[in-house]
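> Residue numbers (my numbering): 855 to 1068. C-beta: ideal position from N, C-alpha, C; glycine also. All figures in this text were calculated on a predicted structure; none of them were measured in a lab.
(1) What number of angstroms, rounded off, separates the C-alpha of residue 895 from the C-alpha of residue 949?
(2) Tell me where the alpha helix (DSSP H) around residue 1041 begins and ends.
(3) From residue 952 to residue 943, what does the alpha carbon distance come to, in whole angstroms?
(4) Classify residue 876: buried if its beta carbon has 16 or more other beta carbons within 10 angstroms, exposed otherwise.
(5) Using the DSSP secondary-structure output, state which residues sit across from residue 880 in a beta bridge.
(6) Quick one: Cα of residue 1045 to Cα of residue 1000, how far?
(7) Just tell me which of 974, 984, 1009, 1022 has its CA closest to the CA of residue 996.
(8) If we ignore side chains and look at the alpha-carbon of each, how far apart do residue 1025 and residue 1058 end up?
(9) What does the alpha-carbon distance come out to for the pair residue 1016 and residue 994?
(10) Apart from the five residues just before and just after residue 932, which ones in its own chain have a Cβ nearer than 6 Å to its Cβ?
(11) Using DSSP with H/G/I as helix, E/B as strand and the rest coil, what is residue 915?
(12) Taking just the CA atoms, how far does residue 924 sit from residue 912?
(13) If you run the structure through DSSP and keep just helix, strand and coil, what is residue 890?
(14) Out of 1056, 1061, 1051, 1060, which has the shortest C-alpha to C-alpha gap to residue 808?
(15) By the 10 Å Cβ neighbour count, where 16 or more other Cβ atoms means buried, how is residue 945 classified, buried or exposed?
(16) Would residue 906 pass as an interface residue toward chain D - the criterion being a Cβ-Cβ separation below 9 Å?
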């Protein structure tokens, strides 16, 4: 049997002597308000929240129940658990992303080539939008010329010309917005692919310059 402090051992022996063989097989060991270790078959409710140990009739620990946390301690624990879970999710996401990068690219130079292809595709789209904008601007000039000619002749500008001008102006503004967005997309694409290129280089243990030379 484990060696206990004399007071604890005496308390257990005394309890066993009084309770006899019919006693419960599990006992509660806790510290009372006076700081005294108590061994009893009953656990007063006011001591349950302070933590206690369940032991058998031979003094062996069956289970340990920790004390109830305070509100502040509980909030701290919950915050720590939430932080650990967030870190775990971030690490798992990073692992999945790394696996996908290595599946897609054999080296940093392949990432750079994919970046260049994507940027070229966006530039082609910008050229198409720019051409469409130019055509709309030509339409606008034609409509404005028609309106000016009618006004010089002392005639009112027909509603359909005014409506067409409004529509064309809206379309020109839309094309300008799309062109601006595509230009921003080029910068975002460059930054994103460059991050992937650097990550692939790190995962493979090579430098970007070394991979380009190879």
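On the basis of the coordinates in this document:
(1) 52 Å
(2) 1013-1058
(3) 14 Å
(4) Only weak support exists for where residue 876 lies, its pLDDT of 43 falling under 50; the coordinates are left without a value.
(5) 910
(6) 47 Å
(7) 1022
(8) 48 Å
(9) 11 Å
(10) Within its own chain, no residue has a Cβ closer than 6 Å to the Cβ of residue 932 once the five positions on either side in sequence are excluded.
(11) When DSSP states are grouped into helix, strand and coil, residue 915 belongs to the strand group.
(12) 33 Å
(13) coil
(14) Residue 808 cannot be examined here, being either before or after the span of the chain that is shown, 855 to 1068.
(15) exposed
(16) Judged by its chain identifiers, the structure shown contains no chain D, having just a single protein chain.
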